[in-house]
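Working notes for the structure below.
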Amino acid sequence: MAMATASFPPPSATAASATSSIVFEIGKFNAVLEKVESAGCCSSGRHLPAPPPKPLLIGRPSDAGEFQVLLLIHGYLLYNTFYSQLIHQIASHGFIVIAPQLYSVAGPDTSEEIKATAAVINWLPEGLRQHLPPHVNPNLNKIALSGHSRGGKTSFALALALAEQKSPKLSALIGLDPVDGTGSGKQTHPPVLKYIPQSFDLGVPVLVIGSGLGELKRNPLFPPCAPKGINHEEFFEECRNPAHYFVAKDYGHLDLLDDETGGLRGKASYCLCKNGESREPMRRFVGGAVVAFLKAYLNGEDGDLRAIEDGDLCLPVHLQTVESLL
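Be aware that the sequence shown starts at 1391, since it is given in the numbering used here, and climbs by one per residue.
Encoded structure:
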């Protein structure tokens, strides 16, 4: 079972001064990122107990304490490592972030991704503690699930299935520019959107974050990465209270990824979607909004979420939409 650790430097002075709220900056906890291989993979010739069903990237505080758990599901044909800076930001505010690598290659059907995500959640009680230091304790009584792009579709689909089963496994749901297909009227299997307002009977609080540029084409050769009719707008339209909705005006579908994403897929992420001028502001906003939402609904501290919605904070981005159902 291979495990690797990475650490990040503190934010620059420019980044730290760009906002008046700590949620958009690196938090007070020292955070590290570790890779954990899945069952059947090992580097030492033996298996460690309870390997996860999929390879994981885990971001966690290195400080002692008990921390809430967030799962982050990657977008279509993306790597979980492309979210390292976002994961680090969230973990530095006192959360354990688990980002599974669900697949390397996949077709249009998301059924296997939904099953794999459920398998990771089912593995947590048995296996997660064995891959954390003794002084870092996960609070598995409140688990939040989030997903980006197609991972957002996967997360909503699983949350709906668990709600139908009356399962108490999830306590919060986050859609990061979620997409349910390849274009308006072209949902991929299994379809999530029903096109009925407030039809999602989830039973948990929801945060939906959208990108203002996601529904626009970068050039005539490529379709929009988050087409209108199957994107964040419709996902929020079908949510019930409590639900919160932010749309960043001048940023694109992949602007929450790391500043640098390598390899062919990483390079493709710069040219397939219409993007903003840089990724850092959008990524910092997404990280801060996620932290504020988790603090509100998992920790009972809603000050930052209220301040974002009321316009009382200096944000890294301009918001074109701020809505909530309470």
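Even glycine gets a Cβ: it sits at the ideal position worked out from N, Cα and C.
Please work out which residues of its chain come closer than 6 Å, Cβ to Cβ, to residue i, disregarding the five sequence neighbours upstream and downstream, and give them in chain order.
| i | result |
| --- | --- |
| N1470 | L1447, H1464, A1489 and Q1491 |
| T1711 | V1637 |
| V1582 | K1543, F1546, A1547 and D1570 |
| G1678 | V1413 and F1414 |
| C1615 | G1604, H1643 and C1663 |
| A1509 | P1443 |
| P1515 | L1530 |
| F1626 | V1598 and Y1635 |
| F1362 | Given a span of 1391 to 1716 for the chain in the structure shown, any question on residue 1362 remains unanswerable. |
| Q1458 | F1485, N1529, K1532 and L1688 |
| D1702 | none |
| E1717 | Residue 1717 is absent from the model: the chain starts at 1391 and stops at 1716. |
For the putative contact between residue i and residue j, defined by C-beta atoms under 8 Å, what is the C-beta separation to the nearest angstrom?
| i | j | result |
| --- | --- | --- |
| L1522 | R1450 | 7 Å |
| A1697 | S1411 | 7 Å |
| L1563 | L1535 | 6 Å |
| G1666 | D1640 | 5 Å |
| R1655 | L1467 | 6 Å |
| L1460 | L1684 | 7 Å |
Hey, is residue i's beta-carbon within less than 9 Å of any beta-carbon in chain B?
| i | result |
| --- | --- |
| P1443 | Included in the structure is just one protein chain, with no chain B present. |
Can you give me the Cβ contacts of residue i inside the same chain, cut-off strictly under 8 Å, excluding the 5 residues immediately before and after it?
| i | result |
| --- | --- |
| A1454 | H1525 and V1526 |
| V1681 | V1413, G1417, Q1479, I1480, H1483, F1485 and D1694 |
| I1477 | L1423, L1447, G1449, L1462, V1487 and A1489 |
| E1628 | L1583, K1584, Y1585, I1586, P1587, Q1588, S1589 and F1590 |
| A1382 | In this structure the chain extends from 1391 to 1716, so residue 1382 is not present and cannot be described. |
| A1429 | H1437, P1441, P1442 and P1443 |
| P1613 | T1572, G1573 and K1607 |
| G1619 | G1573, S1574 and G1575 |
Given that a residue counts as buried once 16 or more other Cβ atoms are within 10 Å of its Cβ, and exposed if not, what is residue i?
| i | result |
| --- | --- |
| K1657 | exposed |
| P1706 | buried |
| R1704 | Before going further, note that residue 1704 is Cys rather than Arg in the sequence given. C1704 should be labelled exposed. |
| S1434 | Confidence is the limiting factor: at S1434 the pLDDT is only 49, short of 50, which leaves the residue's position unreliable and the question unanswerable from this model. |
| V1426 | buried |
| V1495 | exposed |
| N1621 | buried |
| Q1373 | No answer is possible for residue 1373: the residues shown for the chain start at 1391 and end at 1716. |
| H1538 | buried |
| L1716 | exposed |
Once you ignore the five residues that flank residue i on each side, which residues in its own chain have a CB closer than 7 Å to its CB?
| i | result |
| --- | --- |
| L1552 | K1559 and L1560 |
| D1499 | T1578 and H1579 |
| A1676 | This sequence places Val at residue 1676; Ala is not what is there. Here the set comprises L1476, L1566, I1599 and L1646. |
The ligand ATP and residue i: does any heavy atom of the ligand fall closer than 8 Å to the residue's C-beta?
| i | result |
| --- | --- |
| I1448 | In terms of ligand content, the structure shown is empty, and the ligand ATP therefore cannot be addressed. |
* Decide if the stretch 1567-1583 is in contact with the stretch 1536-1549; the criterion is three or more beta carbon pairs, one per stretch, under 8 Å apart. => The stretch 1567-1583 is in contact with the stretch 1536-1549.
Worksheet entry | Segment contact, 8 Å Cβ cut-off, at least three pairs: the stretch 1683-1693 with the stretch 1600-1612 | The stretch 1683-1693, when compared against the stretch 1600-1612, does not touch it at the 8 Å Cβ threshold.
Check your understanding: So, do the stretch 1619-1638 and the stretch 1591-1605 have three or more beta carbon pairs nearer to each other than 8 Å?
Key -> The stretch 1619-1638 makes contact with the stretch 1591-1605; the number of CB pairs closer than 8 Å reaches 3 or more.
- Contiguous beta strand (DSSP E) assignments of at least 3 residues, all confined to the stretch 1435-1463: The qualifying runs are 1446-1451 and 1455-1463.
| request: Only counting runs of 3 or more residues, tell me where the beta strand (DSSP E) segments fall wholly within the stretch 1555-1619, in order along the chain. | output: If you keep only unbroken beta strand (DSSP E) runs of at least 3 residues inside the stretch 1555-1619, you get 1560-1566 and 1596-1601.
- Query: Going along the chain, which unbroken runs of the alpha helix (DSSP H) with 4 or more residues stay wholly within the stretch 1609-1687?
  - Reply: Taking only runs of at least 4 residues, the alpha helix (DSSP H) segments lying wholly in the stretch 1609-1687 are 1622-1627 and 1653-1658.
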